[in-house]
Amino acid sequence: MDFKKLTVFFKENGVPAFRLKQVQDAIYKNFAVSWDEIPVLPAPLREKLKPELRINSLDTLETQVSKRGNAIKFCFELKDGLKIETVLLNLIPEKWSICISTQVGCPVRCPFCATGKKGLKRNLSPDEITDQFLAAASFLKKTRNHKIASVIFMGMGEPFYNYEAVGEAIHAMTDPARIGLGQRHVSVSTAGHVPAIRRFAKDFPQCNLAVSLHAADDTLRTDLVPLNRTYPLSQLAKALTDYIVMTKRKVFVEYVLMDGINNSRSSAAKLNSWLRAVAAPKYFTINLITYNRTGGPYRAPAKDRVSVFAGILEDCGFEVTIRKSLGDDIDGACGQLAGK
Ligand code: SAH
Ligand code: SF4
45 MDFKKLTVFF KENGVPAFRL KQVQDAIYKN FAVSWDEIPV LPAPLREKLK PELRINSLDT
105 LETQVSKRGN AIKFCFELKD GLKIETVLLN LIPEKWSICI STQVGCPVRC PFCATGKKGL
165 KRNLSPDEIT DQFLAAASFL KKTRNHKIAS VIFMGMGEPF YNYEAVGEAI HAMTDPARIG
225 LGQRHVSVST AGHVPAIRRF AKDFPQCNLA VSLHAADDTL RTDLVPLNRT YPLSQLAKAL
285 TDYIVMTKRK VFVEYVLMDG INNSRSSAAK LNSWLRAVAA PKYFTINLIT YNRTGGPYRA
345 PAKDRVSVFA GILEDCGFEV TIRKSLGDDI DGACGQLAGK
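Residues in the sequence shown are numbered consecutively from 45, following our numbering.
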């Protein structure tokens, strides 16, 4: 919602200022997505506002619910006709996480990721980012009377290539006068944008940082995450050490397992020594993600090989989780978001 425009409209039309707060609360606290859902406003005022201003910048084209009901994928259309996807995941009963997109496409172009295939179309605006939360929250409220408990910037795009807008959206989400989530319930996942990691430590020391590592060897990592050419592992290591020293927070390490590529014993050993050089194992949670189909040459390892890989790292003293793949039947799993 463009509050600057609303403020001007109210002034020009002699609407008292307290109405602004009413609109703000209706949108951020009650998740109104249309003027008719704000009955505290007089009906004639609502009618006047309808052609002037949209509450939510996104049009919902499609809402898909996974078979088990624990993943919901939204396809939204933006003003210029481009499409983005947002996923709600229900990991704990009645507690939903939302996986938010930050760009249309992605400039990093990791070869195993559906989002990266088409390159970058454009950055999302702060409102387009926040509105994904508000539209999904409105849907959950209306259909289940549930709430969103946490936000992960892990949808389409590289959040740190759209730092300003992501930062503004985090402010909207964590400001008590607006959405009011705790910073600790907000996580940003990056492919390893070193300068932005340093900035994030200063700007949002209470938020969570996740780094998509996928390999602890520069040659392999450059193949898998081309951003590694710009910010190689040595620079990433320094930035993470500084991040941990500054924030005293854990870092989440994302590692997509692809059979025969990065899931050998020696890959696990390299990961162990690389992380140990950054900080003590207690500062990391390693999230192992089994590769989700995106139509490339990669394959997911068999289940037992995933457990072996996890076991090695656990024996090295790391906390390891194997990410449950919710929503793969609706192409809403990690890396499958393409805005088709
Ligand atoms: N660009 C950011 C955030 C979005 S990608 C980043 O890369 O961190 C979100 C996560 O999905 C990343 O950890 C990414 O590596 C992972 N991912 C991408 N493609 C995948 C696939 N095909 N299967 C499983 N995970 C994938
Ligand atoms: Fe971009 Fe992340 Fe996909 Fe890589 S994995 S192409 S950084 S969205």
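Glycine is no exception: its CB is placed at the ideal position from the N, C-alpha and C atoms.
Item                                                                                                                                                        : Value
Please state the DSSP three-state secondary structure of V364.                                                                                              : strand
Is the closest heavy atom of the ligand SAH to the C-beta of S231 under 6 angstroms?                                                                        : no
Nearest-angstrom Cα distance between V297 and I192?                                                                                                         : 23 angstroms
State the start and end residues of the unbroken alpha helix (DSSP H) segment that holds D69.                                                               : F62 to Y72
Pick out whichever of P239, F183, S351 and R273 has its Cα sitting closest to the Cα of K368.                                                               : S351
Helix or strand or just coil, what does DSSP make of E202?                                                                                                  : coil
Go ahead and pull the three-state DSSP assignment for Y315.                                                                                                 : Looking at the sequence provided, one finds Leu at residue 315 rather than Tyr. Looking at L315 - three-state DSSP - the assignment turns out to be helix.
On a Cα-Cα basis, can you pick out the residue from L122, G113, K162 and K347 that is closest to I136?                                                      : G113
Three-state secondary structure (DSSP) at V77?                                                                                                              : coil
Please report how far the alpha carbon of R98 lies from the alpha carbon of I142, in whole angstroms.                                                       : 23 angstroms
What's the C-alpha gap between L50 and T130?                                                                                                                : 27 angstroms
Less than 6 angstroms between the CB of C157 and some heavy atom of the ligand SAH, yes or no?                                                              : yes
Just to confirm, does V152 get its C-beta within under 6 angstroms of one of the non-hydrogen atoms of the ligand SF4?                                      : yes
Any heavy atom of the ligand SF4 inside 6 angstroms of the beta-carbon of G236?                                                                             : no
Can you look up Y287 in the DSSP assignment and give me helix, strand or coil?                                                                              : helix
Assuming L301 contacts I333 under a Cβ cut-off of 8 angstroms, what Cβ separation, rounded to an integer in Å, is found between them?                       : 7 angstroms
By DSSP's criteria, I128 is part of a beta bridge. Which residues make up the other side?                                                                   : F120
Quick one: residues in its chain with C-beta nearer than 7 angstroms to the C-beta of T285, no 5 flanking neighbours on either side, listed in chain order? : V322 and A323
Below 7 angstroms between beta carbons: does that hold for H229 and F204?                                                                                   : no
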